[in-house]
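Residue numbers (full-length UniProt numbering), protein chains in the order written: chain H, 1 to 342; chain V, 1 to 342. Here the structure comes first, spelled out in structure tokens, and everything after it is commentary.
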DNA sequence: AATAAGTGAGAAAGCGTTTTCTCGGAGGGA
DNA sequence: TCCCTCCGAGAAAACGCTTTCTCACTTATT
């Protein structure tokens with residue numbers, strides 16, 4: 001036996017004893033499963049209420065083979081995008097009586113599989129959010145995790161639902177927006193190397209280049225947060241570009257701040273775009289032109305896809321592959337460039 | 001019995017059979033508890049590795065009476081402050097092999113106790129973050145939750161550690177800062193009614209009033225997010241004040257944006273302060289003068305306090321009451337007021 | 001009136017572990 | 001050589017619940 005029996009919590013046995021019935025009957029009335037005599041049921045309920053009995057979820061989980069919990073693993077909990085997904089997921093899941101367990105891989109690629117595995121063992125399913133691992137590893141891991149929902153990645157072999165944003169399309173539209181304003185020299189300030197969404201932006205921009213050979217488009221390596229945007233300020237200025245496509249809103253904001261410090265006006269001197277449309281984007285000065293991804297929907301849809309899998313329990317292998325088109329949100333950080341003087 | 005036995009996960013029994021030993025022995029080598037013959041141990045380990053055996057955490061939890069999980073309940077997961085606490089907690093807990101389960105009460109006061117109770121039953125402890133419930137209810141709930149850490153609230157009766165920020169002190173220092181710049185007419189844009197930290201600010205400002213009877217200090221009712229700050233713009237302008245103490249950084253940012261839209265310059269025409277120093281605060285335009293709370297420490301310290309309780313298991317009733325003094329962070333959103341013209 | 005069918009509650013098995021208890025065998029001292 | 005002690009491994013109980021199985025009892029059917 002494990003624990004000392006001293007002052008243990010009130011269990012089903014206590015209720016059974018007080019009500020003068022068996023454990024089984026208590027369980028039945030608590031779960032409303034089988035028919036039980038109304039009189040007895042009332043007695044049990046009274047006893048349960050009096051003892052403030054609350055079923056032990058661990059015991060239930062073991063017996064039922066389910067935990068009513070799902071896990072989510074994100075690369076960086078400091079990123080507002082992932083925070084928003086987490087929030088949407090959590091709220092949607094709570095509506096159906098599920099809780100969410102979080103795991104933050106802190107951008108350590110090698111930890112992802114381990115964290116996901118551990119989460120899966122404790123939960124009824126896992127949402128893998130923008131995993132940085134390689135395709136091969138993901139393909140191998142996915143079946144292991146089975147009730148799995150992927151965000152910003154897809155698998156081919158297994159039938160796992162995925163939600164993704166068409167970053168390639170979005171970045172092209174932003175670039176197009178800058179061009180239509182009259183910009184001819186652009187810079188893409190790229191994101192984390194292992195980020196699939198960054199790769200998608202890159203292929204989108206390749207496409208853009210083909211369609212607009214007359215536009216100069218430089219690539220600058222950056223990161224995914226404020227600081228990396230801020231640090232890129234000088235390189236951006238040195239590039240001589242008038243239109244900047246930042247990897248995301250965070251990077252754009254860091255850049256905005258850096259430009260402001262150096263007295264460079266946005267959008268008069270340089271136009272800046274972000275990506276994601278995080279809640280803060282419309283409150284920056286100037287408000288940020290960006291590509292809005294329906295971030296709140298992502299979380300709740302992730303839950304819906306998860307629920308479908310949990311409920312259908314290996315029934316129909318519906319492999320939903322949802323792809324969201326970003327919507328360009330034109331604000332004040334972009335404008336026609338000043339007349340050239342170089 | 002619960003589940004169909006078809007295609008169930010590999011359990012301890014499978015390993016035992018493959019290694020030709022008993023369940024007990026497998027458990028022993030997996031946990032390294034008792035002495036077991038090195039040869040047998042090796043055989044067990046080999047079998048476990050070959051079958052990719054991973055102990056079922058639910059079974060372990062039931063036997064061990066612990067889940068290696070803690071819960072956190074927050075009023076609003078959209079608030080960067082709570083996000084940061086969650087993140088700090090999660091990372092610190094992960095370092096000790098613990099996971100965290102989240103519950104978002106969505107500012108619904110009546111849900112808090114229920115969520116906290118459920119979380120507690122599933123976890124080894126609960127972190128209650130800025131609960132909105134009344135003092136009486138909190139006092140009654142706390143012992144129920146026992147391994148409990150309170151953030152931004154305290155209890156008297158029970159010995160529960162609490163971490164709090166001295167909001168009263170911080171708001172006074174901000175007000176003082178505005179006064180020393182020359183402001184004479186201030187407004188406090190208050191936060192959620194049930195927020196204890198808002199009440200602390202109010203008592204701090206009462207104190208401030210006593211010490212500075214010559215200063216006009218109006219109170220305006222607001223909320224805790226962007227939008228409420230934005231919506232207060234006209235009321236702020238109508239107040240005729242030159243120095244605005246916003247409830248927190250979010251409110252301040254909303255206000256900043258509203259003022260900008262109406263062509264009012266910050267800090268030339270109006271000075272604005274925030275509270276919390278969320279990561280975004282130094283990237284607003286102008287960068288926000290605010291009171292920095294050591295938000296990252298809060299999360300990790302919360303974990304430390306939790307760990308102490310879990311480990312000491314009813315040993316020494318160390319009731320740590322940590323209080324953090326905010327540090328005023330002077331940036332560009334505050335300056336001397338323009339000469340009066342009214 | 002006797003048998004069949006139905007109903008509802010208790011007994012017990014099972015979920016997957018850990019840990020106590022028990023016991024056979026080996027080793028050491030007398 | 002015999003007995004006692006020690007050691008290590010298996011048997012089984014325990015954790016707290018759900019659910020099948022079983023069975024006594026009641027009600028319907030002929």
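Heads up, the beta-carbon is just placed ideally off N, CA and C, and yes, glycines get one too.
Item, Value
"What number of angstroms, rounded off, separates the C-alpha of residue 167(H) from the C-alpha of residue 199(H)?", "9 Å"
"Can you give me the C-alpha to C-alpha distance between residue 113(V) and residue 309(V), rounded to a whole angstrom?", "21 Å"
"Quick one, which of 35(H), 43(H) and 31(H) has its alpha-carbon nearest residue 16(H)'s?", "43(H)"
"Can you confirm whether residue 260(H), when its beta carbon is compared against all beta carbons of chain V, has any partner nearer than 8 Å?", "yes"
"Roughly how many angstroms separate the alpha carbons of residue 283(V) and residue 179(V), rounded to a whole number?", "25 Å"
"Less than 8 Å between CB atoms is the rule here; does residue 57(H) satisfy it with respect to chain V?", "yes"
"Using the Cβ count rule (16 or more neighbours within 10 Å means buried), how would you classify residue 35(V)?", "exposed"
"Are there 16 or more other CB atoms within 10 angstroms of the CB of residue 325(H), so buried, or fewer, so exposed?", "exposed"
"Along chain H, in chain order, which residues have C-beta atoms closer than 7 Å to that of residue 279(V)?", "226"
"Would residue 104(H) pass as an interface residue toward chain V - the criterion being a Cβ-Cβ separation below 8 Å?", "yes"
"Could you name the residues of chain V that residue 100(H) contacts, counting a contact when the two beta carbons are closer than 8 Å?", "101 and 102"
"Using only the alpha-carbon positions, how far apart do residue 158(H) and residue 143(H) sit?", "6 Å"
"Determine the DSSP secondary structure at residue 204(V), reduced to helix, strand or coil.", "helix"
"Beta-carbon within less than 8 Å of residue 220(V)'s beta-carbon, same chain only, minus the 5 sequence neighbours each way: which residues are those?", "187, 188, 189, 190, 232, 235, 236 and 239"
"Excluding the 5 residues flanking residue 29(H) on each side, which residues of the same chain have their C-beta closer than 7 Å to its C-beta?", "36, 41, 44 and 45"
"Nearest chain V C-beta to residue 148(H) closer than 8 Å, yes or no?", "no"
"Run down chain V in chain order and give the residues with a C-beta less than 8 Å from the C-beta of residue 290(H).", "What residue 290(H) touches in chain V: nothing, since even the nearest Cβ is about 15 Å away."
"Please name the residues in the segment 149-170 of chain H whose beta-carbon is closer than 7 Å to at least one beta-carbon of chain V, in chain order.", "none"
"If we ignore side chains and look at the alpha-carbon of each, how far apart do residue 85(V) and residue 127(V) end up?", "10 Å"
"Using a Cβ-Cβ cutoff of 9 Å, what residues of the segment 110-137 of chain H are near chain V? List them in chain order.", "115, 117, 118, 119, 121 and 122"
"If you check the beta carbons only, do residue 129(H) and residue 70(H) fall under 8 Å apart?", "no"
"If you measure from the beta carbon of residue 91(H) to each beta carbon in chain V, is any gap under 8 Å?", "yes"
"Counting pairs of beta carbons, one from the segment 138-154 of chain H and one from the segment 90-98 of chain H, are three or more of them closer than 8 Å?", "no"
"Tell me whether the segment 63-78 of chain H and the segment 100-110 of chain H touch, counting them as touching only if at least three CB pairs, one residue from each stretch, are closer than 8 Å.", "yes"
"So residue 337(H) and residue 271(H) are in contact, right, with Cβ under 8 Å, and what is the actual spacing, rounded?", "7 Å"
"Could you give the uninterrupted runs of the beta strand (DSSP E) lying entirely in the segment 205-257 of chain V, keeping only those of 3 residues or more?", "216-221 and 243-246"
"Quick check on residue 341(V): buried or exposed, where buried means 16 or more other Cβ atoms within 10 Å of its Cβ?", "The pLDDT assigned to residue 341(V) is 48, lower than 50, so where the model puts this residue is not dependable, and the model offers no usable value."
"Closer than 8 Å between beta carbons: that is the criterion. Which residues of the segment 34-64 of chain V meet it against chain H?", "54, 56, 57, 58, 59, 61, 62, 63 and 64"
"Would residue 108(V) be called buried (16 or more neighbouring beta carbons within 10 Å of its own) or exposed?", "exposed"
"Looking at the secondary structure, which residues open and close the alpha helix (DSSP H) in which residue 181(H) lies?", "167-181"
"What are the boundary residues of the alpha helix (DSSP H) that residue 82(H) is part of?", "80-95"
"Go ahead and label residue 209(H) buried or exposed: buried means 16 or more other beta carbons lie within 10 angstroms of its beta carbon, across all protein chains shown.", "exposed"
"State yes or no: is the beta carbon of residue 240(V) nearer than 8 Å to at least one beta carbon in chain H?", "no"
"Go ahead and label residue 265(V) buried or exposed: buried means 16 or more other beta carbons lie within 10 angstroms of its beta carbon, across all protein chains shown.", "exposed"
"Per DSSP, residue 292(V) forms a beta bridge with which residues?", "276(V) and 327(V)"
"Note down, in chain order, all residues in the segment 78-90 of chain V with a beta-carbon under 9 Å from any beta-carbon belonging to chain H.", "78, 80, 83, 84, 86, 87 and 90"
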